[in-house]
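*Asks:*
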Amino acid sequence: MSLNIAWMDHAACAGHPDPDLFFPTADNRLTHKARAICATCPVTAQCSTFQHDTGSEGVWGNQHIKVKDGKRPDTVKLRAKRANR
Ligand code: SF4
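Numbering (the numbering used here), first residue to last: 22 to 106.
This is the structure:
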């Protein structure tokens, strides 16, 4: 599947110094900082669509998405893309 990620160029989280904010772990369930950034983002709809299409976990489209085991994509790659835009 070819994914459109051009919208990430316009993401409010692009280049954020701490992309881990968007991928909370069991030890770090707080997402309010990430969601505050999402609240200013012009591509929230595209972000939500991307999450839906990929089954990605983490904060996407101003929501904290938890994915059941066995359906998790390579979030490390997605994190890198979001952080390096
Ligand atoms: S809505 Fe998506 S692209 Fe925008 S800041 Fe939040 S996580 Fe990043």
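Glycine included, every Cβ here is placed at the ideal spot set by N, Cα and C.
Quick caveat, the model's predicted, so the values are computed rather than measured.
Determine whether the beta carbon atoms of residue 27 and residue 63 lie at a separation below 9 Å.
*Replies:* Cβ distance not < 9 Å, so residue 27 and residue 63 don't count as in contact.
*Asks:* Starting from residue 58, trace the beta strand (DSSP E) in both directions and tell me its first and last residue.
*Replies:* Residue 58 -> not in any beta strand (DSSP E); alpha helix (DSSP H) instead, spanning 53 to 59.
*Asks:* So, helix, strand or coil for residue 91, using DSSP?
*Replies:* With a pLDDT of 46 at residue 91, under the threshold of 50, the predicted position of this residue should be treated as unreliable, and no value is reported.
*Asks:* I'd like the span of the alpha helix (DSSP H) that includes residue 73, first residue to last.
*Replies:* Residues 65 to 75.
*Asks:* Counting only beta-carbon atoms, is residue 60 nearer than 9 Å to chain C?
*Replies:* Included in the structure is just one protein chain, with no chain C present.
*Asks:* According to DSSP, is residue 37 part of a helix, a strand, or is it coil?
*Replies:* DSSP places residue 37 in coil when its eight states are reduced to three.
*Asks:* Restricting to Cα atoms, I'd like to know which of 82, 38, 29, 55 is closest to residue 69.
*Replies:* It is 82 whose Cα lies nearest to the Cα of residue 69.
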